[in-house]
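Take a look at the structure below.
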Amino acid sequence: MADPLPLNLATWLLALSPVIGVLILMVVFRWGASQAGAAAWFAAVIVGVVVFRATIPVLGYAQTKAVLLSLDVLYIIWMALLFFHVADEAGAVAIIGRRLPALTSDKVMQALLLSWVFVSFLQGMGGFGVPVAVVAPLLVGIGFSALESVVMASLGHGWAVTFGSLGTSFAALLATTGQTADALAPESALLLGLAAFACGALVAYMAAKLRGVVRALPALLVIGTVMAATQYLLATNGLWNLGATGASLVGLGVAVGVARLPFYQREPASLPAGQSDEGPSLPIALSAYVVLVVLIAMINLVPPVERLFDTVVLSLAFPAVETARGWVTPAGSGRAISLFGHPGAILLYASLVAYIIYRQAGCYQEGAVKRITTKVLNGAVKSSLGIVAMVGMATIMGHAGMTTLIARGLSETVGAGIYPAAAPFVGALGAFMTGSNTNSNVVFGALQMQTAELLGLSISLILAAQTTGGALGSVLAPAKVIVGCSTVGLAGEEGPVIGRMLVLGLIPVALTAIVVWILA
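Take a look at the structure:
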């Protein structure tokens, strides 16, 4: 017999307790995502069983779905890290980073090239804290302070996070909400494209205050428009996993041309002091990324090729399940995974081709394969455990009716006129606390969707606000700041960096909130 749980402050806080637990453990007690996620998963099980009376079948099917959802995201994460380290070990990332500031002697333009365009390119390819770790030392090398370098490299790529890392964060949003890419991509790409201008302006401000913003204006308008438009076109035409990569790659090409304009060539440009031009040639360095773009385009845009690679699909059908309180999760299919046509599989193919190219070009030293493998394992294992635990927590909350009760509480407390402006801040808070936009989308995606439904708001717009806020908030996360600081000699001095980033980093989130409120 159905015994629905009443909505009051106590039941609302109990439903929210796993999420609150994640935030407290990660921020106050400095736990990692894997530890905090495991604790939150356990809390979700206890509250789900004791308070919401989830049954064994409910928990079992929820966790089976969680495994499929996690595999969908982890397939991309592991292969994206593999691709990045194949290129990085060959010296490709370093040579691109050295060549860019040598195009112009203008400090503001150098800052934009490295900590807006190039760092976004790295986010498109790999992410996971790598962009700041790579770019911050390059900025120090051309004369910026360590604090300025970490702040600029962090703030400059927030717009590229959702469709970066080959769309890991966006894939997580699709997986946890059940929405389609066609439904969510347009508004997500629009908001992120607008955020790109704000990210670039913040970099210019850090480089030379308001004078820097004024001086950067031509570059901001030209490069920003190109990157925003390219990302929108890719994301809305089925290539969302190439959105940030393609946008920043085109942006790099345009930025090279802009940097050579007389306006940005007051003095002859040269390599930064103390840096040599050793390593692969620029065409060789870029070859891996060209291969990746070609493979993704072929497999996603050529129907016969797409059908060939999608012949083996992993998918499970789930029956309807019901808690002892009468909450029903309808029957349906779990997340379908194309084993050979998945973005993760394409990254694997590109990694193998790139390795062959770099090896034939003599770019690898002895022991390269071992070093690549070690770096991938070190970078992926802990984040994988965290994602599995948090996805498991989210599916339990959804199947037990906890997420719906939270959404009901929000819809009855926050009106439809205010909630659109709050949605980006919810996403940003989740990413700041958990360390990634992917985790924020997993934890808050379904909640934002159900709140939008209850308030009669556009689901696609609210979810776009969620992932845009999460993208912009993820670069402020202490875990990522610590990585960046460690590469420029600021280990143990992260406090001032985080403080400066919070003041500036909330500006794009606030601007996004205003845009969402207007569009709603």
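Under numbering that gives the first Met the number 0, read the sequence shown as residues 0 to 519, first letter to last.
Glycine included, each C-beta is placed from N, C-alpha and C at the ideal position.
Quantities reported herein were computed from a predicted structural model and do not represent experimental measurements.
In the structure shown, the three-state DSSP call for Thr103 is coil. By DSSP's assignment, Leu313 forms a beta bridge with Ile336. By the neighbour-count definition (other C-beta atoms within 10 Å, threshold 16), Met297 is an exposed residue. Shortest Cα-Cα distance from Phe308 to any of Gly444, Ile295 and Asp71 involves Ile295. Where Arg214 is concerned, the enclosing alpha helix (DSSP H) starts and stops at Ala180 to Ala234. A buried status is given to Asn438, since no fewer than 16 other beta-carbon atoms sit within 10 Å of its beta-carbon. Rounded to the nearest whole angstrom, the CA to CA distance from Phe162 to Leu70 is 18 angstroms. Exposure of Leu12 is indicated by the presence of fewer than 16 other C-beta atoms within 10 angstroms of its C-beta. The C-alpha of Asp181 lies about 7 angstroms from the C-alpha of Gly237. Counting only residues of its own chain and dropping the five nearest sequence neighbours on each side, Gln62 has a CB closer than 8 angstroms to the CB of Gly391, Thr394 and Ile395. Excluding its 5 nearest sequence neighbours in each direction, His84 has C-beta neighbours in its own chain below 7 angstroms: Ile371, Lys374 and Val375, listed in chain order. When the Cα atoms are used, Ala65 and Ile45 turn out to be separated by approximately 17 angstroms. Here Thr322 has Phe51, Arg52, Ala53, Thr54, Val57, Ala399 and Gly400 as same chain residues with Cβ atoms under 7 angstroms from its own Cβ, once five neighbours each way along the sequence are excluded. Between the alpha carbons of Phe339 and Leu291 lies a distance of about 15 angstroms. Taking C-beta atoms under 8 angstroms as the contact rule, Val134 and Leu121 qualify, at a distance of about 7 angstroms. When only Cα atoms are considered, Cys198 and Ala228 end up about 16 angstroms apart. The three-state reading of DSSP puts Val27 in coil, since its state is none of H, G, I, E or B.
Around the beta-carbon of Leu454, 16 or more other beta-carbon atoms lie within 10 Å, marking it buried.
One alpha carbon belongs to Glu411, the other to Leu6, and they sit about 10 angstroms apart. Annotation for Val116: Ile222, Ser247, Gly250, Leu251 and Ala254 place their beta carbon closer than 7 angstroms to its own, counting only its chain and skipping 5 residues before and after.
Annotation for Pro130: Val118, Ser119, Leu121, Gln122, Ala152 and His156 place their beta carbon closer than 8 angstroms to its own, counting only its chain and skipping 5 residues before and after. Secondary-structure assignment with DSSP links Glu321 through a beta bridge to Val327. Between the C-alpha atoms of Pro329 and Gly429 there is a straight-line separation of about 28 angstroms. DSSP places Thr373 within a helical segment (H, G or I) once states are collapsed to three. Under the three-state reduction of DSSP, Ser144 is assigned to coil, being neither helix nor strand. For Ile336, the closest of Tyr288, Ala203, Leu173 and Ile497 by C-alpha to C-alpha distance is Leu173.
A Cβ-Cβ contact shorter than 8 angstroms links Leu409 with Thr450. Ala519 and Leu460 do touch by the CB rule: their CB atoms are close to 6 angstroms apart, below 8 angstroms.
In terms of CA proximity to Val380, Tyr74 leads the group Tyr74, Arg324 and Leu489. Counting along the chain, no alpha helix (DSSP H) covers Gly414, and no H or E run does either. Distance check between Arg29 and each of Ala319, Ser286, Phe431 and Arg306 places Phe431 closest, using alpha-carbon atoms only. Per DSSP, reduced to three states, the secondary structure at Asn436 is helical. Shortest Cα-Cα distance from Ser350 to any of Phe82, Pro3 and Asp2 involves Phe82.
Pairing Val480 with Ala427 gives a Cβ-Cβ distance that is not under 8 angstroms.
Secondary structure of Leu518 (DSSP, three-state): helix.
Annotated as proximal: Gly385 and Gly31, with beta-carbon spacing under 8 angstroms.
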